[in-house]
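Student: Add 519 to the 1-based position in the sequence shown for my numbering, that's all there is to it.
Just so you know, even glycine gets a beta-carbon here, dropped at the ideal spot from N, CA and C.
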Amino acid sequence: MRCTVFSSRSILVGGALFFSLGLASVHADAVREPLARAAIQSRSALSSVFLDLARAGKRLVAVGARGVVLLSDDDGANWRQASVPVSVTLTRVRFAGPKTGWAVGHFGTVLHTADGGETWQRQLDGTTAAKLALEAAQARAQAMPGSESGRKRLAEAEQLVKDGPDKPFLDLHFFDDRNGVIVGAFNLIFGTHDGGKTWLPLLDRLDNPMGLHLYAIAGMDDTVIIAGERGLVFRSDDRGATFARLSTPYAGTYFAASLTPPGNVLLAGLRGNVLRSRDLGSTWERLEGAPPVSISAMAAVDAETTLLANHAGQLYATRGGRLEHVRAPALPPLAALLPLNDNKLLGVGIRGVTPVTLSTNAGR
C-alpha cells in the first residue's frame with residue numbers, strides 16, 4: 520500500500536514551519552517505522568535541522584528532524600541529547616512549567632515529558648487521531664441525520680483514516696498543565712483537559728470548509744488565536760470551546776502568531792506581510808518596513824517589542840507602527856527565535872542552533 524506523507528526534504532527548502540507541506544509518495548511502512556523507532560543518539564546532533572526551542576524553567580529545549588531533542592542548562596553554551604521514543608520530525612515544543620511539556624510533529628505525533636525534557640512518552644499519533652476524528656464524526660452524523668455538514672465531516676474523517684498517519688501537527692498551546700490545543704495541516708485541531716492522556720477532536724468547531732492548514736496558535740489567559748492559509752484566522756475566548764473566524768486585510772498565508780497583554784496580536788507570513796491588532800483581532804494595521812521575503816520566526820520580547828526573522832536571514836523588530844531592521848551578523852534562515860539576556864538570542868533552523876548577539880539596544 521502507498522500513501523502520501525510529508526517529506527522532511529522540504530525542511531531544507533523552507534527552513535520554517537511550512538516545510539511540512541512538501542509531499543512525497545512512500546510506502547505506508549515508511550510512515551510506521553519512524554513512529555516505532557527511537558531517535559538515534561548522535562555526537563553530531565547539534566548540527567541537525569531544528570524547528571523550535573522553548574524554555575523549561577531555566578533549561579532550554581530544542582526539537583527538530585528525526586526526533587532529535589537537545590537540552591541546555593546554561594543558556595545554550597552546552598547541549599546534550601534527550602531520550603525520545605520516535606524518530607519523526609518534531610515541529611513545536613511548549614512547556615507549562617519547568618518539568619511538564621509537550622512536543623508535536625509529523626505523522627500526528629504528540630509527545631509528553633514530565634521531567635523537563637529528559638525523557639518523552641508518546642501520547643498521540645496520526646492513526647489514533649484519525650480514529651478519534653472518525654468516532655466523533657460518526658456520533659455527530661447519528662445525532663444529526665440528514666445534515667449536509669454532518670455528512671461532509673464524516674467523509675473527511677473517513678478519508679483521514681484511509682490516508683493513515685501522514686499529516687503533521689504544526690503548533691500547540693497549553694493554558695496550564697492539563698488544558699491545551701494542538702493544530703496542524705488540513706484543519707487538524709484537537710484539545711485535551713487531562714494533560715494529553717485523552718484528546719478530543721475539535722475539527723467541527725472551526726469555520727474551515729476547505730480544510731486549510733493551521734500553522735500557528737498563540738494564547739493568553741483563556742484566549743487563543745489560530746492562523747493559517749489564505750488569511751485564515753480564528754479566536755477563542757473560552758479555551759477552545761468555541762471559535763470565531765476573524766477578518767484580516769491580508770488574504771495570504773500566515774506562518775507565525777503571537778499574543779501579548781493586554782490584547783496585542785501579531786501575525787506574520789508570506790512576502791513579509793505583518794499585521795498587528797491591539798484589540799484581539801477586531802481591527803488590524805499593517806506594519807511596513809520589511810522586504811517582501813517570507814517571515815518564518817517570531818518571538819515577543821515584551822508587550823511592545825517583537826523580533827521577527829525572515830528567509831533571507833534578516834531580523835526585524837516592531838517599533839511603533841513599523842518594522843525596523845535589527846543589526847546582527849549574517850544568519851541562516853531560522854525556524855524559531857528565543858530571546859535570552861543582554862541583547863542575546865538563540866535561533867534554530869537548517870544549520871542547527873545559532874547564537875545571535877544583537878547590537879546595543881537592538882530589539883529593545
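For the beta strand (DSSP E) holding Q560, just list the boundary residues, first then last.
Tutor: Position 41 of the sequence shown, counted from the start, is the residue given in the question as residue 560. Unbroken run through Q560: none, as it is neither H nor E.
Student: In whole angstroms, what separates the C-alpha of L725 from that of L731?
Tutor: Start at 1 with the first residue of the sequence shown, and residue 725 comes out as number 206. Start at 1 with the first residue of the sequence shown, and residue 731 comes out as number 212. If I take the Cα positions, the gap works out to 11 angstroms.
Student: On the premise that F688 lies in contact with T610, defined as a C-beta separation below 8 angstroms, what is that separation, rounded to the nearest angstrom?
Tutor: In the sequence shown, counting from the first residue as 1, residue 610 sits at position 91. In the sequence shown, counting from the first residue as 1, residue 688 sits at position 169. Confirmed, Cβ separation roughly 7 angstroms.
Student: Quick one: what's got a C-beta closer than 6 angstroms to R797's C-beta in the same chain, skipping five residues either side?
Tutor: The sequence position of residue 797 within the sequence shown is 278, counting from 1. Excluding positions up to five away in sequence, the list reads N783.
Student: Count the C-beta pairs between the region 668 to 681 and the region 646 to 654 that are closer than 8 angstroms, then say yes if the count reaches three, no if not.
Tutor: Output reads yes: the region 646 to 654 touches the region 668 to 681.
Student: Which partner residues of T873 appear in the DSSP bridge assignment?
Tutor: As a working mapping, residue 873 is identified with position 354 in the sequence shown. BP columns for T873 point to G866.
Student: Going by C-alpha distance, which of G839, L857, L679 is nearest R574?
Tutor: Here residue 574 is taken as the residue at index 55 of the sequence shown, counted from 1. Of the listed residues, the one whose Cα sits closest to R574 is L857.
Student: Since S813 and R790 should fall inside the 8 angstroms C-beta cutoff, what is the C-beta to C-beta distance between them, to a whole number of angstroms?
Tutor: By 1-based counting over the sequence shown, the position of residue 813 is 294. By 1-based counting over the sequence shown, the position of residue 790 is 271. Going by Cβ atoms, the distance from S813 to R790 rounds to 6 angstroms, so yes, they are a contact pair.
Student: Leaving out five residues before and five after D696 in sequence, what residues of the same chain have Cβ atoms less than 8 angstroms from its Cβ?
Tutor: Residue mapping note: residue 696 aligns to position 177 of the sequence shown, counting from 1. The residues are A615, G616, T619, G714.
Student: Helix, strand or coil for E625 per DSSP?
Tutor: For this step, residue 625 is matched to residue 106 along the sequence shown. The sequence as given places His at residue 625; Glu does not occur at that position. The answer is helix: DSSP assigns H625 an H, G or I state.
Student: Do you know offhand how far G699's Cα is from T742's?
Tutor: The residue given as residue 699 occupies position 180 in the sequence shown. The residue given as residue 742 occupies position 223 in the sequence shown. Near 11 angstroms, if we compare the C-alpha coordinates of T742 and G699.
Student: In the DSSP assignment, find the unbroken alpha helix (DSSP H) run with L689 in it and report its ends.
Tutor: Locating residue 689 in the sequence shown gives position 170, counting from the first residue. Where L689 is concerned, there is no enclosing alpha helix (DSSP H), although the beta strand (DSSP E) it sits in stretches over 688 to 693.
Student: Going by alpha carbons, who is nearest to L834 out of I708, G840, E823, P848?
Tutor: In the sequence shown, counting from the first residue as 1, residue 834 sits at position 315. Checked all of I708, G840, E823, P848; the closest Cα to L834 is P848.
Student: Measuring CA to CA, which of A809, G703, M663, D594 is closest to A649?
Tutor: For the purposes of this step, residue 649 is identified with residue 130 of the sequence shown, where counting begins at 1. Measuring from the Cα of A649, the nearest candidate turns out to be G703.
Student: To which residues of the same chain is D757 closer than 7 angstroms at the C-beta, ignoring the five residues directly before and after it?
Tutor: Residue numbering aside, residue 757 sits at position 238 when the sequence shown is read from its first letter. Closer than 7 angstroms at the Cβ level, and outside the excluded window around D757, lie D741.
Student: Please return the same chain residues whose Cβ sits closer than 8 angstroms to the Cβ of E637, not counting the five positions on each side in sequence.
Tutor: Taking the first residue of the sequence shown as 1, we reach residue 637 at position 118. Excluding its 5 nearest sequence neighbours in each direction, E637 has C-beta neighbours in its own chain below 8 angstroms: L590, A601, S602, listed in chain order.
Student: What are the boundary residues of the alpha helix (DSSP H) that includes G479?
Tutor: For residue 479 there is no data in the structure shown, the boundaries of the chain being 520 and 883.
Student: Taking its Cβ as the centre, do 16 or more other Cβ atoms sit within 10 Å of V860, making it buried, or is it exposed?
Tutor: Position 341 of the sequence shown holds residue 860. In the sequence on display, residue 860 carries Asn and not Val. By the neighbour-count rule (16 or more Cβ atoms within 10 Å), N860 is not buried but exposed.
Student: Per DSSP, which one or two residues make a beta bridge with A836?
Tutor: As a working mapping, residue 836 is identified with position 317 in the sequence shown. DSSP lists L826, E843 as partners of A836.
Student: Apart from the five residues on each side of it in sequence, which residues of its chain come closer than 6 angstroms, Cβ to Cβ, to P768?
Tutor: In the sequence shown, the residue the question calls residue 768 occupies position 249. Correct list, in chain order: W803.
Student: Would you please state the rounded distance, in angstroms, between the beta carbons of G866 and L853? I believe it to be under 8 angstroms.
Tutor: Locating residue 866 in the sequence shown gives position 347, where the first residue counts as 1. Locating residue 853 in the sequence shown gives position 334, where the first residue counts as 1. Going by Cβ atoms, the distance from G866 to L853 rounds to 4 angstroms, so yes, they are a contact pair.
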